[in-house]
């Protein structure tokens, strides 16, 4: 945009984001607050991000000319989901507009095979797995990994899509056909104790900041509740931060990243776990990463000094991350489209809860499983926040 | 808008705001977050509120037809400054759209004479004063009140405009001519110790919630810094809340209101002070009120569970106020246009301060004294927050 563009970008500069969902929307809100401009690009026309953005472009991700024009109009580019074609990064490079995180990271995060290889190369602990590209390889992998095993498409699904469980009675060929012969990853089933995650940010000069480790509870493979901070031994939290730092440095990340972990039960640590070694508890396995703000970081809007979206804005603009200090224990509860099943939720009842902070994403159609919004509650303890949050969400339900 | 409008208004409803400055902008941000729609009406075309609103109408406040059309398009009306003609409230009443706070409160707050009378009727402590409508009355009032006295236009100025100090050497007639013979209020000079303020909210069913009492520091009659909470004896804070509650109840306020107080030195309490009686310290005098969110409440965005703008949205929509609990001691520092005197402020330096939260209002022209934005810092103590905040703001200055 500005021919004499200088980094770090000051307020008044324009950030372009590929994707137009709620993550882009919350980024746009922070951009507005801090005086930055935000443009959004996606195939959607009336989108959560577009409602807040300074400019919204509705075009296909593979429309080279539209992507080029979009890149020309901004000072830096980022994305709010991984499945942006790598073409986008190439065009941005041609136009001299930085993409943060880089196209390389985007590329790795688009595919489980590349992601697993990258994590393993970085010496990070992952679930035992095999790549499989035909039924014969799958059968062999099942023999090695044992039952139950999880077959996942190499191309990422989300919210549990693109994965199936292989139990002793299931014929591998049947599972294979389920995904139409796409190349896949077969993972060992991990009997984890809890799911945890950590959001971290890294600036262009390598300054790193991680939020506290949080606990995530899923329902039907969709994130339901995040509890911040996770109640874990200090050694586990320290290990998570060490792993997050190692990953960010290894990737030379500029931006925000979330790591989802499985916490293994204390009793089940054994030599099969591909641990990172050095003073580790060995109880953390990396399940997935996302090189962007994450649903499990939404609590930071109210609960931390700097939100994960301000972190994204800061790092993409070339500034260092802000403080990740937690203000108070926080709980985030997703509001899925299912809540609309019996009609409009009972907003009046919700708004009688003085501590529940409501976020709605401006989506018009409430489909089951669709993330329509979330609630955040901060309190003196996670137990108190969870109790208030659950009561607030229950108040929304009409029967 | 919706013929079958029902209160309290659920998300998806539309709030109309008269005025289009930063207060409307921050209201619009909260409305967006919570899934409400916001329309703004003012004579300005590219405005801080308009940049965020769902709809912006640029028309004169006395354009009846435009006001009527605007009122028809919303579910409830509010304002972000007092000087909206009372005509607006009448048209809204004709269209059956509630104005919150009511037109009566708006009317009282537009004029120092009406405001003082209202406060006195409510038994609230105000500075000794006289109304004056000609030089003869002014001379008489000066005799009674003594020197120094402050002559203020009855019609409100803001940020110290529309007032002059009458010292022993000043001829009353000269002071009188300064305001072109407008009707005025002559107030006794109050030798106060500190300036304090309290933001409170009251719902349609009378539920009342006040934020902690804060301390304000002014420079050239413009708010410079707010320190939350104010360091005062508990009895003073309790008295402030009692006065705020009495005022809100007396006005039957539905909305948000700020009271500015003078805190008198302990040694100077005497019978001249028109005190509220009952268990009061007698150290608080009401200087001014504003029936809307206030600059001295901006810290609530980061520092309190519910921001003053969410309070406005909640109460205008017919919900009760949210929690006014403070998360951490906070300091708010205004960023005036003067900071732009030597060119663009040094944003890069500011953004190296990980705890400073930046708010910019999207104003294009940085005039001296113009409020361009603010910073908020939260910390474990107000001293720590103030130190960080002052350092952050100093970092912005180019010399």
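Chains as they are written, first to last, in our numbering: chain A, 1 to 399; chain B, 1001 to 1399. Positions of the beta carbon are idealized from the N, C-alpha and C atoms, including for glycine. This structure is a prediction, so every number in the text was calculated from the model and none was measured.
Collapsing the DSSP output to three states places residue 1039 of chain B in a strand. Annotation for residue 281 of chain A: no beta strand (DSSP E) segment contains it, and DSSP assigns it neither H nor E. Considering only A:305, A:257, A:42, the residue with the shortest C-alpha distance to residue 286 of chain A is A:257. When the five nearest sequence neighbours on each side are left out, the beta carbons in the same chain lying within less than 6 Å of the beta carbon of residue 1342 of chain B are those of 1398, in order along the chain. Distance between residue 356 of chain A and residue 1185 of chain B, taken at the CA atoms: about 45 Å.
Per DSSP, residue 1298 of chain B has no beta-bridge partner at all. Taking 8 Å as the CB threshold, residue 359 of chain A lines the interface with chain B. By the C-beta criterion, the stretch 1078-1090 of chain B is judged not to be in contact with the stretch 1235-1242 of chain B, since fewer than 3 inter-stretch pairs fall below 8 Å. In summary, residue 1050 of chain B is buried, with 16 or more beta-carbon neighbours lying within 10 Å of its beta-carbon over all protein chains present. With 16 or more other Cβ atoms inside 10 Å of its own Cβ, residue 1039 of chain B counts as buried.
The criterion of a C-beta distance shorter than 8 Å is satisfied by residue 320 of chain A and residue 205 of chain A. For residue 163 of chain A, the enclosing beta strand (DSSP E) covers residues 163-166. Taken through DSSP and simplified to helix, strand or coil, residue 1373 of chain B comes out as strand. Annotation: residue 1070 of chain B to residue 1099 of chain B spans about 13 Å, alpha carbon to alpha carbon. Distance from the CA of residue 37 of chain A to the CA of residue 312 of chain A, rounded to the nearest whole angstrom, comes to 14 Å. Distance from the Cα of residue 1133 of chain B is smallest, within the candidate group B:1111, B:1176, B:1119, B:1147, for B:1176.
The beta strand (DSSP E) runs of length 3 or more contained entirely in the stretch 152-240 of chain A are, from start to end of the chain, 163-166, 184-188, 194-202, 208-210, 214-219, 222-228. For residue 147 of chain A, DSSP records no beta bridge to any residue. When secondary structure is reduced to three states using DSSP, residue 130 of chain A falls in the strand class. Distances from the alpha-carbon of residue 247 of chain A to those of A:115, A:57, A:48 put A:115 closest. When C-alpha distances from residue 102 of chain A are compared across A:172, A:112, A:389, A:254, the shortest belongs to A:254.
Distance between residue 293 of chain A and residue 1183 of chain B, taken at the CA atoms: about 58 Å. Under DSSP, no beta-bridge partner is assigned to residue 248 of chain A. Judged by DSSP in its simplified three-state form, residue 1066 of chain B adopts helix.
Contact between the stretch 1025-1032 of chain B and the stretch 1044-1058 of chain B is present: 3 or more CB-CB pairs across the two stretches fall below 8 Å. Contact note: residue 98 of chain A does not reach chain B at a C-beta cutoff of 9 Å; the least C-beta distance is about 16 Å.
With distances taken between CA atoms, residue 1198 of chain B lies nearest to B:1259 out of B:1096, B:1259, B:1250. Within the stretch 290-357 of chain A, the runs of beta strand (DSSP E) at least 3 residues long that lie entirely inside it are, in chain order, 330-336.
For chain B, the residues of the stretch 317-336 of chain A that bring a beta carbon within less than 9 Å of one of its beta carbons are 317, 318, 319, 320, 321, 322, 323, 324, 325, 327, 328, in chain order.
For residue 1226 of chain B, there are no C-beta contacts with chain A under 7 Å, since the nearest C-beta of that chain is about 18 Å from it. About 4 Å separates the beta carbon of residue 228 of chain A from that of residue 214 of chain A, a gap short enough to meet the 8 Å contact definition.
Not a single CB atom of chain A sits nearer than 8 Å to the CB of residue 1282 of chain B. By the CB criterion at 8 Å, residue 302 of chain A and residue 323 of chain A fall outside the cutoff. Within the stretch 1037-1063 of chain B, 1052 place their CB atoms closer than 7 Å to a CB of chain A, listed in sequence order.
Taking the CA atoms as reference points, residue 1112 of chain B sits about 33 Å from residue 1386 of chain B. When rounded, the separation of the alpha-carbon atoms in residue 1315 of chain B and residue 1096 of chain B is 18 Å.
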